[in-house]
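Notes to accompany the following structure.
In the numbering used here, the protein residues as written are 90 to 327.
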């Protein structure tokens, strides 16, 4: 795990007069950034089941049978019940576009199951076993960490440290010093999500359903980044 501070590019200092209870209060407002990087230890994937048959009952029966096999497979890999999210089954008419018009080809039954897998050393083995069940598609790979909330809290503290250090450096240059903290606020940032989706989903649909090989995916390094804005009171040096 690597920790980094880099707030200077985000720093915006504003000297102003606050017209609140004391019209002569001098303040400095700074932005701070904190980031914690980590290697993920979990991956969440979505398995889509779909069956099209001339009779709706047969389509539902086949989808249910595949769903049971998938849940049984999850138990073999010691996946906890709370790491499996199953959607409601849906059914309807299936059409294909042929010769300029939609043609009815049968009745459709489908279901999506989201699985969180916590042993990345066995991802290839597990996804290969899923594909052998003749699922419709496998994709939407999202990597994360079981302690992500702790990393985010630590990034928040680093951002505060960054803001304080920046305020002290600028105050020193202006021959003043910082006083009490008057205001702290989180800055909404769009944290990038490192996950694999469309390309791997299409691969799953095009692979031979009898193949036992799975995905070999390098998750890379993820980051929890936090930005804060802090307003400090400014005081003259004694």
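Cβ atoms here follow ideal geometry from the backbone N, Cα and C, with glycine treated the same way.
- Taking C-beta atoms as the reference points, residue 131 and residue 233 count as a pair closer than 8 Å.
- Note on residue 192: under 16 other CB atoms within 10 angstroms of its CB, so exposed under the neighbour-count rule.
- In the DSSP annotation of this structure, the continuous segment of the beta strand (DSSP E) that includes residue 134 starts and ends at 131 to 142.
- The residues 218, in chain order, have a CB closer than 6 Å to that of residue 162 in the same chain once the five nearest residues on each side in sequence are set aside.
- Using a 10 angstroms sphere on the CB of residue 311, the tally of other CB atoms reaches 16 or more, which defines it as buried.
- Taken through DSSP and simplified to helix, strand or coil, residue 169 comes out as coil.
- Annotation for residue 324: the continuous beta strand (DSSP E) segment containing it runs 311 to 325.
- Excluding sequence positions up to five before and after residue 174, its CB lies within less than 6 Å of the CB of 203, all in the same chain and listed in chain order.
- As DSSP reads the structure, residue 265 sits in a beta bridge with 325.
- The beta carbon of residue 139 is closer than 6 Å to those of 199 and 225 in its chain, skipping five residues each way along the sequence.
- For residue 226, the beta-bridge partners assigned by DSSP are 137.
- For residue 196, the enclosing beta strand (DSSP E) covers residues 190 to 206.
- Of 306, 241, 120 and 129, the smallest CA-CA separation from residue 313 is found for 241.
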